[in-house]
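Quick notes on the structure that follows.
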Amino acid sequence: MLASTAKPAPEAPALVVRGLSKRFGGVQALDGVDLTLCAGETMALIGENGAGKSTLVKILTGIHAADAGTVSVFGRPFAARSPRDAWAAGITAIHQETVMFDELSVAENVFMGHMPLTPRGLVDWGTMRAATAELLDRLDADVEPDTPLKRLGVAQKHLVEIARALSHDARIVIMDEPTAALSAREIDDLFRIVGQLKAEGRAVVFISHKFDEIFRVADRWTCLRDGRHVGEGAIADVTEADLVRLMVGRSIDQVFPKQDVPIGDVVLEVEGLSNATEFADVSFSLRRGEILGLYGLVGAGRSEAMQALFGLTRPTRGSVRIDGAAVTIRSPADAVAAGMAYVPEDRQVQGAVLPMGIRENLTLAGIAAGPLARFLSRDRELATTRRFGGRLAVKAATWDQRLRELSGGNQQKVVIAKWLAMEPRILILDEPTKGIDVGSKAAVHAFMSELAAQGLAIVLVSSELPEVLGMSDTVLVMHEGRIVKRLPRAQATPEAVVTAATGGGHA
Amino acid sequence: MSDQAQAGSRYDVADRAARSWGERLTSWESILALLLVAVFVVNGLLSPYFLDLFNLSDATFNFSEKALVALPMALLVLVREIDLSVAATIALASLAMGLCAEAGAGTPVLILVGLCVGLVCGTANGLLVTAVGLPSIVVTIGTMSLFRGIAQVVLGDQAVTKYPSGLGAIGQGYLVDMPPVPLSFALFLAAAAVAAVVLHRTALGRQLYAIGNNPVAARFSGVPVDRIRFGLFAVTGLVSGLAAVLLTGRIGSTRPNIAMGWELEIVTMVVLGGVSIAGGAGTVGGVVLAVFVLGFATFGLSLVNVPGIVINILLGVLLVAAIAVPVVAGRLMGRAPTRD
Numbered sequence: 368m369l370a371s372t373a374k375p376a377p378e379a380p381a382l383v384v385r386g387l388s389k390r391f392g393g394v395q396a397l398d399g400v401d402l403t404l405c406a407g408e409t410m411a412l413i414g415e416n417g418a419g420k421s422t423l424v425k426i427l428t429g430i431h432a433a434d435a436g437t438v439s440v441f442g443r444p445f446a447a448r449s450p451r452d453a454w455a456a457g458i459t460a461i462h463q464e465t466v467m468f469d470e471l472s473v474a475e476n477v478f479m480g481h482m483p484l485t486p487r488g489l490v491d492w493g494t495m496r497a498a499t500a501e502l503l504d505r506l507d508a509d510v511e512p513d514t515p516l517k518r519l520g521v522a523q524k525h526l527v528e529i530a531r532a533l534s535h536d537a538r539i540v541i542m543d544e545p546t547a548a549l550s551a552r553e554i555d556d557l558f559r560i561v562g563q564l565k566a567e568g569r570a571v572v573f574i575s576h577k578f579d580e581i582f583r584v585a586d587r588w589t590c591l592r593d594g595r596h597v598g599e600g601a602i603a604d605v606t607e608a609d610l611v612r613l614m615v616g617r618s619i620d621q622v623f624p625k626q627d628v629p630i631g632d633v634v635l636e637v638e639g640l641s642n643a644t645e646f647a648d649v650s651f652s653l654r655r656g657e658i659l660g661l662y663g664l665v666g667a668g669r670s671e672a673m674q675a676l677f678g679l680t681r682p683t684r685g686s687v688r689i690d691g692a693a694v695t696i697r698s699p700a701d702a703v704a705a706g707m708a709y710v711p712e713d714r715q716v717q718g719a720v721l722p723m724g725i726r727e728n729l730t731l732a733g734i735a736a737g738p739l740a741r742f743l744s745r746d747r748e749l750a751t752t753r754r755f756g757g758r759l760a761v762k763a764a765t766w767d768q769r770l771r772e773l774s775g776g777n778q779q780k781v782v783i784a785k786w787l788a789m790e791p792r793i794l795i796l797d798e799p800t801k802g803i804d805v806g807s808k809a810a811v812h813a814f815m816s817e818l819a820a821q822g823l824a825i826v827l828v829s830s831e832l833p834e835v836l837g838m839s840d841t842v843l844v845m846h847e848g849r850i851v852k853r854l855p856r857a858q859a860t861p862e863a864v865v866t867a868a869t870g871g872g873h874a
Numbered sequence: 007m008s009d010q011a012q013a014g015s016r017y018d019v020a021d022r023a024a025r026s027w028g029e030r031l032t033s034w035e036s037i038l039a040l041l042l043v044a045v046f047v048v049n050g051l052l053s054p055y056f057l058d059l060f061n062l063s064d065a066t067f068n069f070s071e072k073a074l075v076a077l078p079m080a081l082l083v084l085v086r087e088i089d090l091s092v093a094a095t096i097a098l099a100s101l102a103m104g105l106c107a108e109a110g111a112g113t114p115v116l117i118l119v120g121l122c123v124g125l126v127c128g129t130a131n132g133l134l135v136t137a138v139g140l141p142s143i144v145v146t147i148g149t150m151s152l153f154r155g156i157a158q159v160v161l162g163d164q165a166v167t168k169y170p171s172g173l174g175a176i177g178q179g180y181l182v183d184m185p186p187v188p189l190s191f192a193l194f195l196a197a198a199a200v201a202a203v204v205l206h207r208t209a210l211g212r213q214l215y216a217i218g219n220n221p222v223a224a225r226f227s228g229v230p231v232d233r234i235r236f237g238l239f240a241v242t243g244l245v246s247g248l249a250a251v252l253l254t255g256r257i258g259s260t261r262p263n264i265a266m267g268w269e270l271e272i273v274t275m276v277v278l279g280g281v282s283i284a285g286g287a288g289t290v291g292g293v294v295l296a297v298f299v300l301g302f303a304t305f306g307l308s309l310v311n312v313p314g315i316v317i318n319i320l321l322g323v324l325l326v327a328a329i330a331v332p333v334v335a336g337r338l339m340g341r342a343p344t345r346d
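Sequence lines, in order, name chains A and B. The first sequence begins at 368 in the numbering used here and counts up by one. The second sequence begins at 7 in the numbering used here and counts up by one.
Written out as structure tokens, the structure is:
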């Protein structure tokens, strides 16, 4: 509606999305989303992590099918069942992490899936090279068609992806955090190309967490929150503060209960933890009964720092003290012996052994911590499983049920129970409620609160702002590998946290 | 909320799953047991000499050495690794024993040399896989050529045949005379019992399953994944050394082509035994049954004068069929095969 009043539309808008919904298990990822995009304009799609942006992109590019709602592209109804369908309709996405073929040449990457053929059905290399060179030329890209992709830098790979989009004659180009790995000069180049695409009458969807970029490149914006469309308009009419408020706006206190408990002595002190590329100079201290929230955008280095702390990777520098005494942690076993537990971010890969049963998963950390040549007792294992599985209200038919057969929320409860059975003093929870249903989420939150009340010291790594703000006594914000802000609960407003996480607030 | 309030477990969870007789009967081990019965019945009908206690006990000489190596190999495959250098390790260990025998070493020294060379070979594989981080299939194809190559270069077209009689007593000897139980077979049974207890009853065994099913989650849970993998390679080498001692003693000579092609026969025992080549599933009982099926089928067919090449063809068909039938049947009955 705004779109039609903004310009006299000579033709149908490039993209019209109406009432799009998508559910994954217990999670409503998209709930009746609307979006309108005109040819020749750039639309910034904004929202927190988990707001539904990626799901929307995946539906538009044919990776997921929507449960309900309609999409039309240049007036034609569109229902992509595969990325190929999306290309045919003129939609291409350039992803955050480039998904390409490192061992193949630039030309092969550009034309993968639609290589020009000779009449005999063989690849027409000459035409392919020439076409690639022409596309790269249009982008002012200093890249040869025959160069193997692996020899290119990240920015050049982005250019190849854009060339690939153009090779499909994409009329709608979706850029999902395209600047995440680019230098300032490369970002300038990218924006010049966005301008060029617009001038050619193509429509661009630009997804970014960086407000300065949004204000530079976008004409209009659409904001999603919790899978819902919460606003749209012209960029010229809003300020950064308006957008932040829309992204996070909700009453946080009611959702996440963190009881006020007495905060005790310092248990864990981390000093100057660094590695070569992902995080630098991470220092913090953690007290008994405290929940320390670690917020940041995806790629800010939070998980990497926690994995180094837990002995999964080797930091290049840094020291750790527990109860004031220096400890050396070279392996997860050392960390466990020091009283630490780490519930990892990727439940399916790092947390759960899906083909094994609840009992076997729940007792694994305890078994790994003991001597190898010890006999197992099924009764003792069952007692542990009943106690901790029951405490977290794991829902299953039998304790031998394979984790693969449980819901995401119950899998996560088993993974958390595995670590609680170790009776740790320091618990690191990395995105503990990612992708689990609302009920399990509330159970996990209530449980965290209870554990803190019992004197456990907790680090909560989360990309979900309401969770961090609701659960944490102290919020640390990481940006590009460093802790850029430390906010006590009272000062941790959504605006302050998001501003720090997006690299703002220095001025 | 108190501990108890939460523990008033809102859900009733049974301690264990009820296992139906149907499931038990279609388990991989049951299928192998049936197959073994079939092997005995068919061979018993084909030849009057098959079901003779002395013949059967003689037959075990032909597979016990391989079967011994199949046990640690099963554990390796269970954790998604493999060691294709085992037969070459046997050759190298046998060569070292031969050189020492020619230098006049006695039986105890020869046994020690065989075991040590095996252990060194296994340790080398383990280091290349865990410390250097190379894929085991590549590493052990490489060391297979390396170990075998050394043996062939040193021996040329010669053979070592001057072994002390004590070694022969180990390779050809009996632990018990009546009923006749060969020493090598007794060692295999003992090793199988140890492997079964380790895999199915101890903390190490559980961690092997965890690594095989999800090495990343195992590491994140504190399982010393690389140390365990290294240990398994070392043990596989050591057991290969033991197989070299038994084999060298049994045939009384070392030739460049000793134990040629055994690695695949050993892997066949493991795979037919129901150890998933993708890791994470399998039992020692299954491997022991597969050893018997393969060993006695081969023996029975040779009793009725089926040529060795034809036996290979039949065993190949048996292996493919044994693996394909449950998958196909499972698909027809609309459920997953029980063996994963």
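Heads up, the beta-carbon is just placed ideally off N, CA and C, and yes, glycines get one too.
From this set, the options, which residue's C-alpha is nearest residue i's C-alpha?
{"i": "S439(A)", "options": "D536(A), V844(A), P380(A)", "result": "P380(A)"}
{"i": "R684(A)", "options": "E862(A), D690(A), L676(A)", "result": "L676(A)"}
{"i": "V231(B)", "options": "D504(A), S698(A), L854(A)", "result": "S698(A)"}
{"i": "G162(B)", "options": "P262(B), Y180(B), A250(B)", "result": "P262(B)"}
{"i": "V222(B)", "options": "D746(A), I850(A), E817(A), D713(A)", "result": "D713(A)"}
{"i": "R745(A)", "options": "E271(B), S282(B), T260(B), R212(B)", "result": "R212(B)"}
{"i": "H596(A)", "options": "G386(A), R654(A), A460(A)", "result": "G386(A)"}
{"i": "Y169(B)", "options": "T254(B), G148(B), S91(B), Q178(B)", "result": "T254(B)"}
{"i": "V19(B)", "options": "Q768(A), L564(A), D536(A), D840(A)", "result": "Q768(A)"}
{"i": "S829(A)", "options": "A810(A), L506(A), D504(A), D797(A)", "result": "D797(A)"}
Excluding five sequence neighbours on each side, which residues of the same chain lie with their C-beta closer than 6 Å to the C-beta of residue i?
{"i": "R496(A)", "result": "A474, P512"}
{"i": "A236(B)", "result": "Checking the sequence, you will find Phe at residue 236(B) rather than Ala. Within the same chain, F236(B) has close Cβ partners G132, T136."}
{"i": "Y709(A)", "result": "F677, I795"}
{"i": "V383(A)", "result": "T403, S439"}
{"i": "G301(B)", "result": "F69"}
{"i": "N219(B)", "result": "G286"}
In the structure shown, what three-state DSSP assignment does residue i receive?
{"i": "N178(B)", "result": "Correcting the residue type first, residue 178(B) is Gln in the shown sequence and not Asn. Q178(B): helix per DSSP, three-state reduction."}
{"i": "F742(A)", "result": "strand"}
{"i": "I825(A)", "result": "strand"}
{"i": "E831(A)", "result": "coil"}
{"i": "R401(A)", "result": "For the sequence presented, residue 401(A) should be read as Asp rather than Arg. The answer is strand: DSSP assigns D401(A) an E or B state."}
{"i": "T136(B)", "result": "helix"}
{"i": "G685(A)", "result": "strand"}
Tell me which residues share the same chain as residue i and place their Cβ nearer than 7 Å to its Cβ, disregarding the 5 neighbours each side in the sequence.
{"i": "R390(A)", "result": "A396, D434"}
{"i": "A175(B)", "result": "none"}
{"i": "H462(A)", "result": "D543"}
With residue i as the anchor, note down where its alpha helix (DSSP H) starts and where it stops.
{"i": "H525(A)", "result": "521–534"}
{"i": "Y215(B)", "result": "209–219"}
{"i": "G631(A)", "result": "From DSSP, G631(A) is part of no alpha helix (DSSP H); its letter is neither H nor E."}
{"i": "A566(A)", "result": "551–566"}
{"i": "F60(B)", "result": "59–84"}
Taking residue i as part of the beta strand (DSSP E), name the residues at either end of that continuous run.
{"i": "I461(A)", "result": "458–461"}
{"i": "P855(A)", "result": "849–855"}
{"i": "F331(A)", "result": "Given that chain A is displayed from residue 368 to residue 874, the structure contains no residue 331(A) and the question cannot be resolved."}
{"i": "S449(A)", "result": "Careful: S449(A) lies outside any beta strand (DSSP E) and carries neither H nor E."}
{"i": "I413(A)", "result": "409–413"}
Less than 8 Å between the beta carbons of residue i and residue j, yes or no?
{"i": "I734(A)", "j": "A763(A)", "result": "no"}
{"i": "T751(A)", "j": "L729(A)", "result": "yes"}
{"i": "A705(A)", "j": "F573(A)", "result": "no"}
{"i": "G407(A)", "j": "G568(A)", "result": "yes"}
{"i": "L759(A)", "j": "R792(A)", "result": "no"}
Please return the same chain residues whose Cβ sits closer than 8 Å to the Cβ of residue i, not counting the five positions on each side in sequence.
{"i": "V290(B)", "result": "L77, A80, A198, A201, A202, L205, H206"}
{"i": "G280(B)", "result": "W34, E35, L38, A287, G288, T289, G292, V293, A296, R345"}
{"i": "W786(A)", "result": "A708, Y709, V710, A732, L794"}
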